[in-house]
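What follows is one structure encoded as structure tokens, with my remarks underneath.
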Amino acid sequence: MAGNQSPLYTLAAKIKRRHRQRARCCSDQIHSVSRRFQAVIPLYYINLAEQPSRKEWFENQCAELGISTIRIDAVDGRKLPQVKLEEFKTKQRLRLRFGPAEIGCALSHRKVWEAFCKSGEQWCFVAEDDLHLAKDSAAFFQSTFWIPKDASLVKAESTFKKCHLGPAEPIFDGERTIRRLLSLHGGAGGYFINQDAAQKALEATTHRFEPADHVLFNPEFGFFEDISAYQIAPAFGAQDLFFENSIDGFIKSGLELERQTLRKRPAVSKILRELKRPFRQGLEAASNAIYTAVRKSSFVSVPYFSAEPGSKPEILRKRFK
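Each position in the sequence shown, counted from 1, maps to that position plus 29 in the working numbering.
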């Protein structure tokens, strides 16, 4: 049969073989380039110089995932002069209680925004050094095509408090989706931010001062309303206080200890708060129902998904209160 083939048929077969060879060559080149240039989005992480074990843990975690890191030396608010601490508190507008550790944390996020804006990169990821990353998280750093065109800020972690989310759009044909973030979702342990939003965050905190997560994700601050924020759901990050197996025996951070101390109220205040609770809950439920109907949103807790074999998305609880 092969001997009866026409010269035209033979020529066509040769052309097809050449096209297949070229396609394989191009494919190999593309994979080679992707292996060499994995970090399209740089990862900045915040770490106190006095906590080298957390630095080692975080960098080892990222190395295992194939993610390169840029360390930002955190500001220790406990070492700031009292006059400076009081100055920051005078710039506060939201009714929040915070101390030196929270101030240091907010200043550390500003340091990241400043470094990122000088870099000229389009996007970056900001992490605190106790952020647990899922096994599939590296894919989010290798390109920006998954980020919605109108997005300025993308939250990648969850603190498991309910928030309003828009419709879900799938990412990477997997378990995760991306959704518009329409209300407060606290925590600033892991988020993507672009140049425009970082510049705006720096400008917004020049004359006002609030905890970093409220600057970024609280509509009452104002910045949140000027940008388009999204949420990865299920989240691929969650901070250490939600995990049973802690980092190197880590129990509580100075920031978490401070927050718990400031949350303590006198007995009279607790009683009044409990008396008001049913009315407050009823008002919040009605408000959320109206908001959900108007914005066509879902009021849900964002689960964390580790992407480990056999794992499922789950709502984590704080290891301590």
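We put the CB at the ideal spot given by N, CA and C, even for glycine.
Residue i, DSSP secondary structure in three states
| i | result |
| --- | --- |
| G219 | strand |
| R100 | strand |
| N76 | strand |
| L323 | Note on identity: in this sequence residue 323 is Val, with Leu being the wrong assignment. Three-state DSSP puts V323 in a helix. |
| L94 | helix |
| E337 | coil |
| K108 | helix |
| F328 | strand |
| E343 | strand |
| I261 | strand |
| K184 | strand |
Residue i burial status per 10 Å Cβ neighbour count (16 or more: buried)
| i | result |
| --- | --- |
| G203 | exposed |
| N247 | buried |
| P338 | exposed |
| S326 | buried |
| Q21 | No answer is possible for residue 21: the residues shown for the chain start at 30 and end at 350. |
| G20 | Limits of the chain in this structure are 30 at one end and 350 at the other, which puts residue 20 out of reach. |
| F169 | buried |
| F271 | buried |
| A92 | exposed |
| F87 | buried |
| I176 | buried |
| E232 | exposed |
| V323 | exposed |
| N10 | Since the displayed the chain opens at 30 and closes at 350, residue 10 lies outside it and no answer follows. |
| I222 | buried |
| F189 | buried |
| F201 | exposed |
| F174 | exposed |
Sequence-distant residues of its chain with Cβ nearer than 7 Å to residue i (five each side left out)
| i | result |
| --- | --- |
| P199 | T206 |
| A103 | I75, N76, L77, G133, S137 |
| Q121 | F238, E239 |
| L194 | R208, R209, L210, L211, Q260, A262, S326, S327, V329 |
| E254 | P248 |
| K229 | F252, D255, I256 |
| A241 | C134, A135, H138, A217 |
| T234 | R139, V244 |
| L160 | E186, G218, G219, G266, Q268 |
| P196 | R208 |
| E273 | R348 |
| K191 | F328, V329, S330 |
| D179 | S257 |
Residues near residue i by beta carbon distance below 6 Å, same chain, minus five either side
| i | result |
| --- | --- |
| A336 | A163, K164, D165 |
| A167 | L94, G95, I96 |
| S63 | Note that S63 scores a pLDDT of 34, beneath 50, so its modelled location is shaky; the value from the coordinates is reported in the next line. Excluding positions up to five away in sequence, the list is empty. |
| V141 | Y73, I101, V155 |
| F265 | A163, S166, A185 |
| P332 | P263, P342, E343, I344 |
| G106 | P129, A130, I132, G133 |
Nonlocal neighbours in the same chain, by C-beta distance under 8 Å from residue i, ignoring five residues either side
| i | result |
| --- | --- |
| I99 | P71, L72, Y73, Y74, A144 |
| D225 | S181, I256 |
| S275 | D269, R348 |
| A227 | W142, F145, C146, C153 |
| Q80 | D158 |
| L109 | P129, I132, G133 |
| H236 | K120 |
| L123 | E239, H243, N247, E249, F250 |
Distance cut-off 7 Å: residue i Cβ against heavy atoms of the ligand ZN
| i | result |
| --- | --- |
| E337 | By its list of ligands, the structure shown contains no ligand whatsoever, and the ligand ZN lies outside what it can speak to. |
Inset, instruction - Determine, using beta-carbon pairs with one atom in the segment 119–130 and one in the segment 211–225, whether at least three such pairs fall under 8 Å. - result: no
Legend entry - Length-filtered (3 minimum) beta strand (DSSP E) runs lying within the segment 116–173: 152–157, 160–162
Legend entry - Residue ranges of each alpha helix (DSSP H) within the segment 187–251, 4 or longer: 224–233, 241–246
Inset, instruction - Decide yes or no for the touch test of the segment 113–121 against the segment 181–198: beta carbon pairs closer than 8 Å, at least 3 of them. - result: no
Inset, instruction - Pair every Cβ in the segment 315–330 with every Cβ in the segment 146–158, then say whether three or more of these pairs are closer than 8 Å. - result: no
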